[in-house]
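Asks: Mind the numbering: the sequence shown is residues 213 to 339 in my numbering, read in order. Please find one structure pasted underneath; my questions will follow.
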Amino acid sequence: LRLEAVAAKGTAKQHAKFQNALANYGALEEFKLTTKCKKCGAELNPKPKELLSDKALKILVEKAPESCFQCTSCAEEAHAKAGKKKEVATAFVFSTESFNNLSAREQLERAFTIIQEKMDSIIKELK
């Protein structure tokens, strides 16, 4: 048995196959993942309800709102029923997922370092 392989080194800027983490964010709505909207009282059917019982959803919302699946269906339905426009969010949930040799925390710290370096160079150019 003979195996030959070729490895290519690159960055995610060159191609998505080189990225080693995913990051996403979503607005942390006041509705969160309850089965009833606290503002208008409308019955809500968020997507994760299929995966979790009502009791588990309530615990998830009250104890760990950052675990929200960020589907936003609960907020959209509540806004539609109340006839109100969506307000600007003031709180956000940011999550990362790593699938390589670095942990998600290390990836996030690395991203913040890169952002800081870019901001420093912009400030330097503006002076």
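Even glycine gets a Cβ: it sits at the ideal position worked out from N, Cα and C. Just so we're clear, the structure is a prediction, and the values are computed from it rather than from any experiment.
(1) Are Ala204 and Thr308 touching if we call contact CB-CB under 8 Å?
(2) Count the other C-beta atoms from every protein chain shown that fall within 10 angstroms of the C-beta of Gln328, then say buried if there are 16 or more, exposed otherwise.
(3) DSSP three-state call for Phe306: helix, strand or coil?
(4) Among Met331, Gln231 and Leu320, which residue has its Cα nearest to the Cα of Gly222?
(5) Checking the sheet assignment: what are the DSSP bridge partners for Leu320?
(6) Using only the alpha-carbon positions, how far apart do Glu321 and Ala220 sit?
(7) Which word fits Gln319, buried or exposed, when buried means at least 16 other C-beta atoms lie within 10 angstroms of its C-beta?
(8) How big is the Cα-Cα spacing for Ile334 and Glu216?
(9) Could you compute how far the alpha carbon of Lys336 sits from the alpha carbon of Leu213?
Replies: So, from the data block:
(1) Look at the range of the chain in this structure, 213 to 339, and you will see that residue 204 is not part of it.
(2) One-based indexing of the sequence shown puts residue 328 at position 116. With fewer than 16 Cβ atoms within 10 Å of its Cβ, Gln328 is classed as exposed.
(3) Walking along the sequence shown from the start, residue 306 turns up at place 94. Reduced to three states, the DSSP call for Phe306 is strand.
(4) Within the sequence shown, numbered from 1, the residue matching residue 222 stands at position 10. Ranking Met331, Gln231 and Leu320 by Cα distance to Gly222 puts Gln231 first.
(5) Residue 320 sits at position 108 when you count from the first residue of the sequence shown. Partner(s): none; Leu320 has no beta bridge.
(6) Translated into the one-based positions of the sequence shown, residue 321 becomes position 109. Translated into the one-based positions of the sequence shown, residue 220 becomes position 8. When rounded, the distance between both Cα atoms is 25 Å.
(7) In the sequence shown, the residue the question calls residue 319 occupies position 107. Its Cβ being crowded by 16 or more others within 10 Å, Gln319 is buried.
(8) The residue labelled residue 334 in the question sits at position 122 within the sequence shown. The residue labelled residue 216 in the question sits at position 4 within the sequence shown. Cα to Cα, Ile334 sits roughly 45 Å from Glu216.
(9) As a first step, residue 336 is located in the sequence shown; it is residue number 124 there, counting from the start. As a first step, residue 213 is located in the sequence shown; it is residue number 1 there, counting from the start. Rounded to the nearest angstrom, the gap between the Cα atoms of Lys336 and Leu213 is 57 Å.
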